[in-house]
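>
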Amino acid sequence: MSEWSALVTALQHAGTPPIAQEQIQDVLAALPGADKWIQYPSASGRGHGFETRFWWEAPDPSDAATAGADAVERYMEAVAAAGVAEIEVAFVHVTSPGERLTEGPLGLDRRLGAANESGMWHVMKRSISTAGSRDRSFPSDMLDELLQRLGPDSIGHARDGMVEVRFWVDASDAIDASAVGSELLQKAMAEVGRLDWRIVRDQATSVAEAARLAYLGVERRVLAADPASLPVRLHPADR
Amino acid sequence: MTDVVEWGVLLKCHISPDAPGPSDDTLGRVVAGLGCPMHDTRLTGGGRDFTVWFWWPGTDASDAVRSGAAALREVAAREGLPPLRVVRSHAASVNGRVSPFPGARERLGVPGAWSVSYRAQRPRSAPVIGARELDRVRAALRSTDALVTLHSDKEKMLVSDGSAFTARFWVDAPDPASALRVGRAELLGALAVAGLAGWTIVRAQAVTAAARHGDTFPGAYERTLTPDEETQ
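One line per chain: the protein sequences are A and V, in this order.
Using the working numbering, you'd call the opening residue of the first sequence number 8 and step up by one each time.
Using the working numbering, you'd call the opening residue of the second sequence number 9 and step up by one each time.
What follows is the structure, given as structure tokens:
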């Protein structure tokens with residue numbers, strides 16, 4: 008495992024003039040690898056700055072912390088090459104491709120280039136077994152059945168009393184996607200024999216929004232890996 | 009019957025390019041019109057998008073999103089905004105909205121204070137671990153408010169099968185690269201003490217105290233925190 012994904016948020020010092028869009032693009036161009044993304048101003052609420060996501064091969068890929076230190080150095084080199092001054096890195100987050108999949112949708116890359124609008128809203132639902140529920144277990148064959156019902160590119164993880172799934176639906180906006188996803192999940196849960204579960208975390212995003220929040224290029228990196236080594240379970244068709 | 013409880017709801021809305029974008033004042037009136045005292049708004053996308061954070065009751069997270077969005081649309085229409093297209097929604101429980109990083113508020117303005125977070129994964133040949141091993145790791149870390157959990161960050165998938173854990177603690181360092189290295193050395197030392205040498209770090213994060221504090225959903229700290237099933 009030599010390739011890593013990084014999210015870096017840089018903040019401008021107080022009172023400095025806004026950075027030109029051209030310079031921001033120069034930062035992106037100076038970073039290594041493909042599947043890069045930069046957002047300015049930052050959408051994360053971490054102040055006046057910009058967020059950058061990129062993949063690169065760390066020269067010493069012993070672990071994510073070592074790779075993370077390397078990522079910051081690469082990043083600062085790109086910032087300097089673009090002539091951007093008066094910024095500081097406030098946030099750096101580095102993961103292996105498999106770990107990144109736990110927060111990013113599978114199938115995003117294909118949908119970004121798709122012409123039709125079918126299945127273009129991504130939803131995440133976490134459900135817990137409600138108090139008094141008799142059967143809290145969620146074995147892996149049950150999770151497989153659930154993913155099968157949620158459709159291609161669905162992923163999930165379960166433990167006793169909790170299941171979290173990510174999948175795609177047809178919808179008109181995020182609120183509609185949330186409702187469609189809840190209905191689909193509740194039907195699928197009933198079909199696998201799990202009633203009396205409650206949705207405690209709910210997210211819905213458009214494809215474009217998912218691209219801003221997630222990490223381009225996760226898909227082909229993850230599918231090149233051994234599915235058994237991933238921290239999530241894939242839809243049977245994706246293994 | 010399912011209890012109605014409060015959920016932290018985030019909605020990102022897009023406004024058609026044909027309509028005028030809202031001002032901060034208008035957005036302020038919109039969220040105030042929701043009747044929720046602890047909230048936040050932010051204009052993004054050159055004024056074509058805005059994000060609203062607020063608390064809303066519901067029988068579950070999905071119900072809170074649905075009814076919260078309906079209320080937002082109603083107030084927005086009253087304030088003269090064009091129809092809103094919601095491009096992102098997110099709802100979580102009170103505990104799910106509190107930053108998993110203790111000590112961020114106390115370190116605001118402290119130079120060189122970095123919160124670091126690492127996810128460590130066991131080698132396939134090693135046995136799964138439980139609370140006893142986590143206690144050993146935590147005890148071996150120097151930070152007094154270190155947090156070591158079998159589950160991942162709040163926004164990430166829970167993994168509690170004993171094959172991975174997340175350690176969060178504070179280090180003093182001049183920059184993020186140094187913070188990651190300092191934290192790594194400390195964690196590797198703690199792993200060795202706990203008998204977990206050979207575990208791999210698959211996720212690493214370094215964040216300033218200010219940015220970490222800013223991650224918290226507005227109003228989450230002010231709400232009564234009691235353990236719930238989501239976070240246990």
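Ideal Cβ positions, reconstructed from N, Cα and C, are used throughout, including at glycine.
Excluding the five sequence neighbours on either side, which residues of its own chain have a C-beta within less than 7 Å of the C-beta of residue 317 of chain V, listed in chain order?
For residue 317 of chain V there is no data in the structure shown, the boundaries of chain V being 9 and 240.
> What do you reckon, are the CB atoms on residue 111 of chain A and residue 239 of chain A nearer than 8 Å?
For this step, residue 111 of chain A is matched to residue 104 along the first sequence. For this step, residue 239 of chain A is matched to residue 232 along the first sequence. Not a contact, by the Cβ cut-off of 8 Å.
> At 7 Å on the CB atoms, spell out the chain A contacts of residue 184 of chain V, in chain order.
Locating residue 184 of chain V in the second sequence gives position 176, where the first residue counts as 1. Near residue 184 of chain V (Cβ distances below 7 Å), the residues of chain A are 79, 96, 99.
> First and last residue of the beta strand (DSSP E) that includes residue 164 of chain A?
Residue numbering aside, residue 164 of chain A sits at position 157 when the first sequence is read from its first letter. From DSSP, the beta strand (DSSP E) with residue 164 of chain A extends over 162 to 166.
> Run down chain A in chain order and give the residues with a C-beta less than 8 Å from the C-beta of residue 10 of chain V.
Here residue 10 of chain V corresponds to residue number 2 of the second sequence, with the count starting at 1. Neighbours of residue 10 of chain V on chain A, chain order: 137, 205.
> I'd like to know if residue 52 of chain A contacts chain V, where contact means its C-beta is closer than 8 Å to some C-beta of that chain.
Translated into the one-based positions of the first sequence, residue 52 of chain A becomes position 45. The predicted position of residue 52 of chain A is uncertain, since its pLDDT is 48 and thus under 50; a value taken from the coordinates is nonetheless stated next. At least one chain V Cβ lies under 8 Å of residue 52 of chain A.
> Closer than 8 Å by beta-carbon distance: list the chain A residues that pair up with residue 241 of chain V, in chain order.
Residue 241 of chain V is absent from the model: chain V starts at 9 and stops at 240.
> Among the residues of its own chain, which have a CB less than 7 Å from the CB of residue 237 of chain A, if the five just before and after it don't count?
Working through the first sequence from its first residue, we reach residue 237 of chain A at position 230. 105, 108, 229, listed in sequence order.
> Can you find a C-beta in chain A that's less than 8 Å from the C-beta of residue 35 of chain V?
Residue mapping note: residue 35 of chain V aligns to position 27 of the second sequence, counting from 1. Answer no: the Cβ-Cβ gap between residue 35 of chain V and chain A never drops below 8 Å.
> So residue 132 of chain A is in the beta strand (DSSP E); what residue range does that whole segment cover?
In the first sequence, the residue the question calls residue 132 of chain A occupies position 125. 128 to 136 is the span of the beta strand (DSSP E), which, as asked, contains residue 132 of chain A.
> Scan the region 91 to 104 of chain V for residues whose Cβ lies nearer than 9 Å to a Cβ of chain A and list them as they occur along the chain.
92, 93, 94, 95, 96, 97, 98, 99, 100, 101, 104
> Could you pull the start and end residues of the beta strand (DSSP E) that residue 126 of chain V belongs to?
Working through the second sequence from its first residue, we reach residue 126 of chain V at position 118. Where residue 126 of chain V is concerned, the enclosing beta strand (DSSP E) stretches over 121 to 129.
> Are residue 61 of chain A and residue 43 of chain A closer than 8 Å when you measure CB to CB?
By one-based count along the first sequence, residue 61 of chain A stands at place 54. By one-based count along the first sequence, residue 43 of chain A stands at place 36. A distance below 8 Å separates the beta carbons of residue 61 of chain A and residue 43 of chain A.
> What would DSSP say about residue 79 of chain A, mapped onto helix, strand or coil?
Here residue 79 of chain A is taken as the residue at index 72 of the first sequence, counted from 1. In the structure shown, residue 79 of chain A adopts helical secondary structure according to DSSP, grouped into three states.
> Using a Cβ cut-off of 8 Å, pull out every chain V residue sitting near residue 216 of chain A, in sequence order please.
Locating residue 216 of chain A in the first sequence gives position 209, counting from the first residue. 20, 95, 96, listed in chain order.
> Start and end of the alpha helix (DSSP H) containing residue 34 of chain V?
Translated into the one-based positions of the second sequence, residue 34 of chain V becomes position 26. From DSSP, the alpha helix (DSSP H) with residue 34 of chain V extends over 32 to 41.
> Would you verify that the beta carbon of residue 42 of chain V is, or is not, closer than 8 Å to some beta carbon of chain A?
Here residue 42 of chain V refers to the residue found at position 34 of the second sequence. Chain A, which has no Cβ nearer than 8 Å to the Cβ of residue 42 of chain V, makes this no.
> Whole angstroms are fine: how far does the CA of residue 80 of chain A sit from the CA of residue 91 of chain A?
Mapped onto the first sequence, residue 91 of chain A falls at position 84. Mapped onto the first sequence, residue 80 of chain A falls at position 73. If you draw a straight line from the Cα of residue 91 of chain A to the Cα of residue 80 of chain A, it is about 15 Å long.
> Tell me the DSSP bridge mates of residue 97 of chain V?
Residue numbering aside, residue 97 of chain V sits at position 89 when the second sequence is read from its first letter. Per DSSP, A/211, V/19.
> In chain V, what lies closer than 7 Å to residue 32 of chain A by C-beta?
Numbered from 1 along the first sequence, position 25 holds the residue referred to as residue 32 of chain A. Here the premise fails: no neighbours, minimum Cβ distance about 16 Å.
> Between residue 84 of chain V and the rest of its own chain, which residues show a CB-CB distance below 6 Å, the 5 nearest in sequence each way excluded?
Against the second sequence, residue 84 of chain V aligns to sequence position 76. Take residue 84 of chain V, set aside five residues on each side of it, and the residues of its chain with a beta-carbon closer than 6 Å to its own are 38, 92, in chain order.
> By the three-class DSSP mapping on this structure, what secondary structure does residue 93 of chain A have?
Locating residue 93 of chain A in the first sequence gives position 86, where the first residue counts as 1. Looking at residue 93 of chain A - three-state DSSP - the assignment turns out to be coil, as it is neither helix nor strand.
> Can you pull the DSSP bridge partners for residue 100 of chain A?
Locating residue 100 of chain A in the first sequence gives position 93, where the first residue counts as 1. For residue 100 of chain A, which the question treats as bridged, DSSP gives the partners A/14, V/213.
> Measuring straight from C-alpha to C-alpha, what distance separates residue 68 of chain V and residue 196 of chain A?
In the second sequence, the residue the question calls residue 68 of chain V occupies position 60. In the first sequence, the residue the question calls residue 196 of chain A occupies position 189. So the two alpha carbons sit approximately 16 Å from each other.
> Looking at the C-beta of residue 214 of chain V, does it have a partner C-beta in chain A at a distance below 8 Å?
Sequence index remark: in the second sequence, residue 214 of chain V carries index 206 (1-based). Yes, its Cβ sits closer than 8 Å to a Cβ of chain A.
> Nearest to residue 88 of chain A by CA position, among A/170, A/29, A/163, A/10, is which residue?
Along the first sequence, one-based indexing puts residue 88 of chain A at 81. That would be A/29, whose Cα lies nearest to the Cα of residue 88 of chain A.
> Check each residue of the region 54 to 73 of chain V: if its Cβ is closer than 7 Å to any Cβ of chain A, include it; give the result in chain order.
68, 69, 70, 73
> Name the chain A residues that come within less than 8 Å of residue 142 of chain V, Cβ to Cβ?
On the second sequence, position 134 is the one that residue 142 of chain V refers to. Within 8 Å Cβ-Cβ: nothing; residue 142 of chain V doesn't reach chain A, min ~16 Å.
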